[in-house]
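Taking it in order: structure first as structure tokens, then the write-up.
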Amino acid sequence: MSQTSLRILCVHGVGHEEAQPRWMDDWRQAIADGVRQWNAARAVECEFVRYDDLFAAAPLNPATVAEAIAKLVASGVWHGLGDLFARRRGLFELPDRLRWTAGMVAQWAENDALRAAARQRVLEHVEKFQPTVICAHSLGSLISYDLFGRKQHEAAIAGRRFVSFGSQIGNPFVRSALGGRIKELAQARMWFHLFNEHDDAFTAKIRLNAENFCQVDTRFDIEGILDHDAVAYLKHPQTTATVWREIAGGSAARAFTERVRQLKPAIKRSQRRALLVGINDYPDEANRLEGCVNDVFLMSSALQEIGFQPEDIRVVLDERATAKGILERLEWLLDGAGEGDARVFFYSGHGAQLPGYGAHEQVDRQDECLVPHDFDWSRERAVIDDQFYELYSQLPYKANFLAIFDCCHSGGMTRDSGLRVRGLNPPDDIRHRLLKWNPTEQMWEVRKVRLANLDADKWTEKTTFDKAAMAGESGAVRKLGRAVALRSLSDDAYNRARNEFDHKGAYLPVILQACQEREFAAEYRHGVQSYGAFTYALALVFRENLTKKEPLRWQELVKRAAEKLKRLGYAQTPALVCPKVLRDQPIPHAVSDMGA
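In short: position in the sequence shown from 1, add 354, done, that's our numbering.
Given below as structure tokens:
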């Protein structure tokens with residue numbers, strides 16, 4: 355029986371690729387070679403979408419390019435590039451090609467009419483050519499996803515395979531323009547996302563828990579500054595072994611696909627996981643605490659009493675709790691979390707606020723951070739939300755992720771009362787970043803800064819969260835667990851994007867904090883043993899509820915813990931941060947089901 359031609363629609367990327375004389379021939383050859391590896395008899399027919407004329411009609415200008423690069427860097431890509439002085443100084447000295455790459459992405463993100471025209475161009479080709487596969491590179495992948503992800507045009511990808519590569523879809527700046535979340539393409543037959551960690555054209559991984567999504571590691575490092583070449587992606591050995599094998603449709607490809615599908619149900623996934631971090635023994639003796647390790651064991655016992663198994667809990671203490679060590683274990687904690695699964699991250703140690711430089715060599719934020727054992731007041735050795743939200747923001751909405759922070763970000767050490775406080779004061783050179791000299795008063799004062807990618811003034815009172823809880827009283831704090839980098843749109847634009855893409859925005863964990871913004875998290879002496887006052891009160895409330903066999907609600911949990919602290923004379927008020935609709939909801943797994 356003869357096979358039908360494999361019809362592949364190709365959507366190129368940035369940089370006026372249409373002007374290169376051989377780009378279409380190179381794509382055809384790379385795709386045909388990959389398919390023939392698995393099915394020599396399969397004919398390949400390619401059609402190409404041209405859209406440079408749309409972008410030429412909306413020309414770039416230097417201000418747009420500079421702002422685009424600033425937003426992309428401020429969004430947290432390039433692994434904290436904004437804080438790396440040597441690279442930051444060279445950022446605006448890079449070749450025009452990179453500026454224009456960033457500028458084109460910004461054009462697409464900020465020009466609604468251009469986005470609509472580009473979507474329509476791709477849609478017209480899909481309807482006329484009726485492809486079985488859409489291969490989209492770089493900016494072409496943004497245009498394609500912008501089409502297929504909208505509920506109005508979901509049918510355009512139905513039954514088809516989508517291959518994105520060298521793509522900025524997962525970039526925080528782009529995700530923000532899409533309402534803060536990448537949704538699955540439920541009607542697609544398969545979505546392959548080819549990712550190269552060396553590609554510097556603002557590309558990013560995509561974290562998506564969907565059966566029809568596959569991320570392929572296509573690592574390569576070639577001459578030039580970007581490692582962004584489309585043909586290098588298409589010819590990569592992993593692309594051949596994974597994408598072209600699936601798409602080719604020969605007997606070998608079908609057998610491989612069937613084996614993979616049979617294996618998936620056999621992989622057992624843990625429904626509960628917990629990561630507990632405690633740091634007493636900081637390198638500087640003046641910073642050492644006493645109750646954090648005890649907190650971890652107390653929390654582990656409490657979790658096991660409500661149904662967690664010992665093998666579901668990982669513990670990291672003292673010198674092993676480096677920034678790298680904590681982040682690696684957070685990957686384990688949240689990897690593969692599905693609907694109904696329970697995930698708990700507990701941290702007991704110091705907290706701090708870390709002023710950071712943006713793309714324009716100006717302080718544009720304060721990052722709330724957890725203080726790991728190897729903390730040195732740099733972003734590379736801190737745990738901040740730029741790293742954290744990459745792990746939680748794409749979780750399924752029905753996943754249950756709880757983050758508990760027994761620390762504070764108001765500074766501290768030992769207070770006059772003798773209580774140990776879980777917060778660090780910055781050294782003077784770090785503190786100077788947020789100060790300015792007032793010549794009239796002849797005094798130093800705090801400078802006002804606002805997040806480069808946040809316009810909290812556009813958030814209305816109807817928003818689903820408390821503005822101060824998201825960005826601090828100053829509006830300039832990237833708070834842990836809030837995914838602020840993905841929430842830069844005004845309320846109207848944000849709600850419109852969520853409606854058009856049929857999602858609710860970034861996933862946000864339920865957060866329990868030891869104290870309010872300007873308060874201190876203290877330690878408690880239980881006889882001769884030390885604990886975090888908040889952790890100890892929290893564990894007491896959990897255990898009291900076990901005997902009642904009644905649902906415990908989030909707001910009630912925090913209220914009862916606060917009452918205990920107040921009765922004991924602690925001037926700290928625990929905080930609950932979560933979407934308003936969850937505050938009066940029962941806590942999943944809060945009633946023990948051991949033995950069930």
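Idealized CB from N, CA, C, for every residue including glycine.
Residues that DSSP places opposite residue i in a beta bridge
i    : result
F304 : In the structure as shown, the chain starts at 355 and stops at 950, and residue 304 therefore has no counterpart that could be examined.
L629 : R668, F699
C723 : A706, I738
Y587 : None, per the DSSP bridge assignment.
L930 : L866
V800 : L789
S884 : R879
P940 : R907
Straight-line Cα distance separating residue j from residue i
i    : j    : result
S702 : R921 : 22 Å
S624 : P942 : 16 Å
Q374 : P485 : 24 Å
V864 : E401 : 47 Å
F527 : R897 : 43 Å
L588 : W381 : 8 Å
N754 : N779 : 33 Å
H763 : C489 : 46 Å
A584 : T358 : 26 Å
V517 : F546 : 5 Å
Q741 : L681 : 8 Å
M458 : F409 : 8 Å
F874 : V368 : 50 Å
E693 : S654 : 23 Å
P928 : L496 : 42 Å
E673 : P726 : 9 Å
F759 : H479 : 51 Å
Q316 : V570 : Since the first and last residues shown for the chain are 355 and 950, residue 316 lies out of range.
V895 : R561 : 35 Å
P933 : N525 : 24 Å
L788 : L724 : 20 Å
A916 : L756 : 18 Å
E372 : R475 : 15 Å
E876 : R529 : Note that residue 876 is Ala in the sequence shown here, rather than Glu. Approximately 38 Å between the Cα atoms of the pair.
V931 : A384 : 50 Å
A628 : Q909 : 22 Å
Y499 : R850 : 17 Å
D730 : Y636 : 11 Å
L687 : L862 : 15 Å
Status (buried if at least 16 other CB within 10 Å, exposed otherwise) for residue i
i    : result
N792 : exposed
Q883 : exposed
Q707 : buried
E565 : exposed
A860 : buried
E799 : exposed
W813 : Low per-residue confidence applies at W813: pLDDT is 49, beneath 50, and the placement is therefore not dependable enough to give any value.
S842 : buried
G388 : buried
A513 : The question names Ala, but residue 513 is Gly in the sequence shown. G513 comes out exposed.
S844 : exposed
R872 : exposed
L363 : buried
E722 : buried
Y924 : buried
P709 : buried
CB contact below 8 Å: residue i versus chain E
i    : result
H857 : In the structure shown, chain E does not exist; there is a single protein chain.
Endpoints, the beta strand (DSSP E) within which residue i is located
i    : result
C364 : 360-365
W791 : 789-792
A757 : 754-760
R914 : From DSSP, R914 is part of no beta strand (DSSP E) but of the alpha helix (DSSP H) over 908-921.
E538 : It is not in any beta strand (DSSP E) - E538 carries neither H nor E in the DSSP assignment.
Start-to-end residues for the alpha helix (DSSP H) that takes in residue i
i    : result
S654 : 646-659
S530 : 526-531
E898 : 887-902
A675 : Note, A675: premise wrong, no alpha helix (DSSP H); not H, not E.
A602 : 599-602
Unbroken stretches of the beta strand (DSSP E), 3 residues or longer, contained in the segment 475-521 = With a minimum length of 3 residues, the continuous beta strand (DSSP E) runs that stay inside the segment 475-521 are 487-491, 515-519.
task = Could you pull out every unbroken beta strand (DSSP E) segment of at least 3 residues lying fully inside the segment 830-867, listed in chain order?
result = The segment 830-867 contains these whole beta strand (DSSP E) runs: 864-867.
Ordered list of beta strand (DSSP E) runs contained in the segment 371-422, each at least 3 residues = As far as the segment 371-422 is concerned, its whole beta strand (DSSP E) runs of at least 3 residues are 398-403.
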